[in-house]
Amino acid sequence: MQATTHDPGGSGRQTAYGHTGPTGQGGLGEVGGRCRDASISDNVRTYAMVQHGVGFLGALDVSGLLVAIVTFVLWKIRAHESPFIDDHGREATNFQLSLLIYSTVLIIISIPLAFITIGLWIPVAGLLGIGIFVLRIIGGIRALIFTGQRCYYRYPMCLRLIR
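Using our numbering, the first residue of the sequence shown is number 863, and each one after it goes up by one.
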């Protein structure tokens, strides 16, 4: 999903959640087709990176519930301070909730299928679980890279539950 939409008149850019800003020097620009805001302070950028970085704790929290809660709280604490923090916090929270839903559905489906298929489902469920883990790691790394470049980022396979 492209992170920006272009104003045909060239007067501005808009992120997927509707934050706008000027183009050109010191404003929003393009990095790899993504909206970049050079006016973002280091403090704001670092906080947005922390919001994404918390997702790596999901490797320790198997359910992902704690990570989703922490990400949500971090977002809500400072969402009013900057559209950049608001956008990244919302995206990180949506991604963590998406992973929580994917994991929960996998567990709910796996228990009966393990009995019905006499255990043949277990390797498939294991591979799907590894896929969710890899999605968490790769998505988090990419989010950190783009956030570090002061770019807006959209996770792959993310349900936009919070708008």
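For each residue, glycine too, the CB sits at the ideal point set by N, CA and C.
- One Cα belongs to residue 902, the other to residue 1004, and the distance between them is close to 19 Å.
- For the pair residue 1009 and residue 910, the CB atoms are nearer than the 8 Å cut-off.
- The beta carbon of residue 976 lies closer than 8 Å to those of 983, 984, 987 in the same chain, with the five residues before and after it left out.
- Residue 907 sits close to residue 1012, with the two beta carbons spaced by under 8 Å.
- The Cβ atoms of residue 1019 and residue 972 lie no closer than 8 Å to each other.
- Counting C-beta atoms within 10 angstroms of its own C-beta, residue 953 has 16 or more neighbours from the protein chains shown and is therefore classed as buried.
- Taking the C-beta atoms as reference points, residue 912 is found no nearer than 8 Å to residue 919.
- For residue 923, the secondary structure class from DSSP, reduced to helix, strand or coil, is coil.
- Listed in chain order, the non-local C-beta contacts of residue 991 below 8 Å within the same chain comprise 965, 968, local neighbours out to five positions each way being set aside.
- Residue 945 has its alpha-carbon roughly 13 Å from the corresponding atom of residue 1025.
- Scanning its chain for C-beta atoms nearer than 8 Å, with the 5 sequence neighbours on each side dropped, one finds around residue 994 the residues 961, 964, 965, 968, in chain order.
- A distance below 6 Å between beta-carbons, with the five flanking residues on each side excluded, links residue 936 to the following residues of its chain, in chain order: 913.
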